[in-house]
Amino acid sequence: MIFCGYSIIFYMSVKFGSLCGLLKMRFCFKLPTQAILQEENMSDAGNTPLHIDLRRHLREQDENRDLIRLICEIAEASKYIINAINTGDLGMAGTSNLYGEEQLALDVLSDRIITKRLMYSGVVACIASEERDDIMDVDAKNDQKYSVAFDPLDGSSLVDVNLAVGTIVSIYQGGNLLQPGRNQVAALYILYGPRTTLVYSTGKGVHEFGMNSLMEYTLNAENIRMNDGKAKVYSPGGQRSQYSAGTEKFVQYLEENGAKLRYSGGFVPDFNQVLIKRSGLFMYPHLKSAPDGKLRLLYELNPMAFLIEQAGGAASNGLKSILDIQPEEIDDRAPVFIGSRDAIAMAERCIGELG
Ligand code: AHG
Ligand code: MN
Ligand code: MN
């Protein structure tokens, strides 16, 4: 009898449930956008567990107010860089940078967009940019403020062929930028691809944000961790004929172990693929023609090395961690192998043995 009563209640609640489901579906057919907005609560970005915005995430990590301000200023600047990429002049600026590379109008513009915001943020001690010859002293003696080294538009020569590019940022406390990357208090990059994403770490894990339709960065993934095991993809920069015997052996090892070639020519998207897929590596090794490789320690390598170590991966110049290199000058370069821990250890073995 009792069993029979329960069965009736169960039957009725199933029926009621499916009726609600049906009504919901009808509602969705009638007003799809509104229904989706209600479902995902997108109108309330920043206030729902699924849509934590960047500022709120930083606050919840208990970060210093000025560091939050600084990171949010950079996030704001990226919106203007997106506009510059989408609509700006693709020609040359008519000037060259510290490395003798001709600057594109977009390099110069992106640099100005970020530099200006940093200068007037009230929280910055020094600024160094890949596109400027010298460190800018804003308030260098103030230990409470932050110094920032950045590459405003990495891969800018890929914009005319419509491939992905990025902004890379390294942050230290105080006025000294010539210190090992391990001392960074934060690092981040912004990837301008089919979608815009921002990946940051303040030393408490690595977190990915996506730009939504309101141009807010909202949380995509928290505490990204690299998987253990073999690297699934590899992105090798530089010409193979210029590789050392050690790098050549490492490439053969990768191929024999099933790693697939994935190289776009942009450090940020290539690195991002490795991090977001949680497996693989990017490398721009020492070349016969360029013993220090191509990429720049302060502006490109240190921030990415900080992020990958925070995600449980590794970054090496072939001999030691990128983060333990003491920079001598702001324009120092270094070879780099960055990604899955086991693969980077293997690279170090090959380079240690054969150079
Ligand atoms: P940048 O555009 O800031 O000068 O640097 C581009 C970098 C990086 O994104 C990429 O991995 C590497 O240069 C590619 O170098 P080459 O194709 O010139 O060897
Ligand atoms: Mn660059
Ligand atoms: Mn650049």
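Just so we're aligned: the sequence shown equals residues 366 to 720 in the numbering used here. Ideal Cβ placement from N, Cα and C applies to all residues, glycine included. Given the structure is predicted, the values throughout are model-derived calculations rather than measurements.
Residue 472: beta carbon under 6 angstroms from a heavy atom of ligand 2? By 1-based counting over the sequence shown, the position of residue 472 is 107. Here the distance from the Cβ of residue 472 to the nearest heavy atom of ligand 2 is not below 6 angstroms.
Give me, in chain order, the residues of the same chain whose beta-carbon lies closer than 6 angstroms to that of residue 712; leave out the 5 immediate sequence neighbours on both sides. The residue you call residue 712 lines up with position 347 of the sequence shown. The residues are 615 and 702.
Using the beta-carbon count (16 or more within 10 Å), is residue 530 buried or exposed? Within the sequence shown, numbered from 1, the residue matching residue 530 stands at position 165. The residue in question, residue 530, is buried, as its Cβ has 16 or more Cβ neighbours within 10 Å.
Considering only residues of the same chain and omitting the five flanking positions on each side of residue 707, which have a CB-CB separation below 6 angstroms? As a working note, residue 707 is residue 342 in the sequence shown. Taken in chain order, the list of residues that qualify is empty.
Does the beta-carbon of residue 694 have 16 or more other beta-carbons within 10 angstroms, so that it is buried, or is it exposed? By one-based count along the sequence shown, residue 694 stands at place 329. Exposed.
Looking only at C-alpha atoms, which of 561, 592 and 565 sits nearest to residue 423? The residue you call residue 423 lines up with position 58 of the sequence shown. Here the closest residue by C-alpha is 565.
What are the boundary residues of the beta strand (DSSP E) that residue 712 is part of? Against the sequence shown, residue 712 aligns to sequence position 347. Careful: residue 712 lies outside any beta strand (DSSP E), inside the alpha helix (DSSP H) at 706-719.
Per DSSP, cross-strand counterpart(s) of residue 464: Taking the sequence shown and counting its residues from 1, one reaches residue 464 at position 99. Residue pairing from DSSP leaves residue 464 without any beta-bridge partner.
Hey, residue 419 and residue 557: beta-carbon distance below 7 angstroms or not? Mapped onto the sequence shown, residue 419 falls at position 54. Mapped onto the sequence shown, residue 557 falls at position 192. Result no, Cβ atoms of residue 419 and residue 557 do not sit closer than 7 angstroms.
Please list the segments of the alpha helix (DSSP H) lying wholly inside the stretch 418-458, counting only runs of 4 or more residues, in order along the chain. Secondary structure remark: continuous alpha helix (DSSP H) runs of at least 4 residues inside the stretch 418-458, in chain order: 419-425 and 430-452.
DSSP beta-bridge partners of residue 601: Along the sequence shown, one-based indexing puts residue 601 at 236. According to DSSP, residue 601 bridges with 648.
Just to check my reading of the structure: residue 490 and residue 510 have Cβ atoms closer than 8 angstroms, yes? What is that Cβ distance to the nearest angstrom? Working through the sequence shown from its first residue, we reach residue 490 at position 125. Working through the sequence shown from its first residue, we reach residue 510 at position 145. Rounded, the Cβ-Cβ distance is 4 angstroms, consistent with contact.
DSSP state of residue 573 mapped onto helix, strand, coil: Stepping through the sequence shown from its first residue, residue 573 is reached at position 208. Three-state result, residue 573: strand.
Assuming residue 683 and residue 700 form a contact by the criterion Cβ under 8 angstroms, report the distance between their Cβ atoms to the nearest whole angstrom. What you label residue 683 is simply residue 318 of the sequence shown in a count that begins at 1. What you label residue 700 is simply residue 335 of the sequence shown in a count that begins at 1. Between residue 700 and residue 683 the Cβ distance is about 5 angstroms, and since that is below 8 angstroms, they are a contact.
Expressed to the nearest angstrom, what Euclidean distance is found between the alpha-carbon atoms of residue 637 and residue 674? Along the sequence shown, read from residue 1 onward, the residue named residue 637 stands at position 272. Along the sequence shown, read from residue 1 onward, the residue named residue 674 stands at position 309. Linking residue 637 to residue 674 through their CA atoms gives a straight-line distance of about 14 angstroms.
Coarse secondary structure for residue 478, derived from DSSP in three states: Taking the sequence shown and counting its residues from 1, the one referred to as residue 478 is at position 113. Note: residue 478 maps to helix in three-state DSSP.
What is the C-beta distance between residue 746 and residue 664, in whole angstroms, given that I count them as a contact (C-beta under 8 angstroms)? The chain is shown from 366 up to 720; residue 746 falls before or after that span and cannot be answered.
Please report the straight-line C-alpha distance between residue 487 and residue 544, rounded to a whole angstrom. Within the sequence shown, residue 487 is the residue found at index 122, counting from 1. Within the sequence shown, residue 544 is the residue found at index 179, counting from 1. Linking residue 487 to residue 544 through their CA atoms gives a straight-line distance of about 23 angstroms.
Is it buried or exposed, residue 548, if we count other Cβ atoms within 10 angstroms and call 16 or more buried? Taking the first residue of the sequence shown as 1, we reach residue 548 at position 183. Result: exposed.
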